[in-house]
Amino acid sequence: MLASTRMPNNAQLQQNFSDHMKLDQSQLPRKINLRSEMTPVEDQSAIGSCVANAFAEIWTHHEYLLKKSSGRHIDVSRLFIYYNARAKNAYPPGHITDSGCNITDVLETLKELGTCEESLWPYDINKVHAKPNELAYNKASENQIMDALSLKVD
14 MLASTRMPNN
24 AQLQQNFSDH
34 MKLDQSQLPR
44 KINLRSEMTP
54 VEDQSAIGSC
64 VANAFAEIWT
74 HHEYLLKKSS
84 GRHIDVSRLF
94 IYYNARAKNA
104 YPPGHITDSG
114 CNITDVLETL
124 KELGTCEESL
134 WPYDINKVHA
144 KPNELAYNKA
154 SENQIMDALS
164 LKVD
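Just so we're aligned: 86 in the working numbering is position 73 of the sequence shown, and the numbers increase by one with no gaps anywhere.
Here it is, written out as structure tokens:
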């Protein structure tokens with residue numbers, strides 16, 4: 014994982030979770046097991062896509078909450094996220110390398126472009142440098158984040 018050297022440009026991606034909700038330990042369940050509700054653990058294989066994989070899983074967990082009411086499940090494209098997060102700061106432009114990405118670039122990618130479903134741009138490590146197809150980008154625009162909240166870890 015590459016360390017972020019800047020905050021996201023968009024203020025909606027810079028909010029603190031504690032400004033919205035604060036719980037103390039007595040308000041939380043002692044433990045909870047959601048494994049039966051989640052997708053299987055994914056293998057990132059031999060490429061540097063750990064941040065993209067983590068955000069795809071975060072998206073999946075968010076979708077779990079939506080699925081409880083809608084019944085719909087979405088498995089998002091880790092490779093779409095990874096490619097576009099790297100493309101944001103590629104130098105020279107268009108020169109994409111498998112060198113990892115950072116949280117800020119992933120957040121901005123999900124805000125600006127969104128992400129498509131894994132079935133539209135599957136995780137094929139042989140396509141790590143390939144730009145996703147037009148259909149993937151069109152569908153990604155239907156799945157954009159609106160904001161992000163950061164957590165203080167104590």
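Think of the CB as a built atom: it goes at the ideal place given N, C-alpha and C, for glycine as much as any other residue.
From residue i to residue j, what distance separates their C-alpha atoms?
i, j, result
"Ala149", "Leu133", "6 Å"
"Thr122", "Cys114", "11 Å"
"Val3", "Ala69", "Any answer about residue 3 is impossible in this case: the structure gives the chain only from 14 up to 167."
"Glu1", "Met20", "Nothing about residue 1 can be reported from this structure: the residues present for the chain run from 14 to 167 only."
"Lys44", "Ala161", "25 Å"
"Tyr136", "Asp56", "10 Å"
"Gln38", "Lys165", "15 Å"
"Met34", "Lys152", "32 Å"
"Asp111", "Gln40", "43 Å"
"Gly127", "Pro105", "24 Å"
"Ala67", "Leu36", "24 Å"
"Ile71", "Arg48", "14 Å"
"Cys102", "Glu131", "First, the amino acid is wrong: residue 102 is Asn here, not Cys. Computed Cα separation, rounded: 24 Å."
"Val54", "Gly107", "31 Å"
"Gln25", "Ser163", "11 Å"
"Asn46", "Gly61", "29 Å"
"Gln157", "Gln28", "17 Å"
"Ser31", "Pro42", "19 Å"
Which partner residues of residue i appear in the DSSP bridge assignment?
i, result
"Val119", "Answer is none; Val119 lacks a bridge partner."
"Val89", "Glu130"
Who are the near neighbours of residue i in its chain, counting only those whose CB is closer than 7 Å to its CB and skipping five residues on each side?
i, result
"Ser58", "Ile138"
"Ala65", "Arg91, Ile94, Tyr95, Ala98, Cys114, Val119"
"Lys140", "Leu92"
Closest to residue i by CA distance: which of the options is it?
i, options, result
"Glu50", "Asp160, Ser62, Cys63, Thr73", "Thr73"
"Met159", "Thr18, Lys101, Asn23", "Asn23"
"Ile2", "Pro106, Thr52, Thr18", "Residue coverage of the chain in this structure runs from 14 to 167, which leaves residue 2 outside it and unanswerable."
"Ser17", "Ile116, Lys140, Glu131, Pro145", "Ile116"
"Pro145", "Ala100, Ser163, Gln25", "Ala100"
"Glu147", "Cys129, Asn156, Ser163", "Cys129"
If you measure from the CB of residue i, is any heavy atom of the ligand ATP nearer than 8 Å?
i, result
"Leu123", "Looking at this structure, you won't find the ligand ATP or any other ligand, since it has none at all."
Report all residues from its chain with a CB closer than 6 Å to the CB of residue i; omit the five preceding and five following residues, and keep chain order.
i, result
"His142", "Ile109"
"Ser154", "Gly127"
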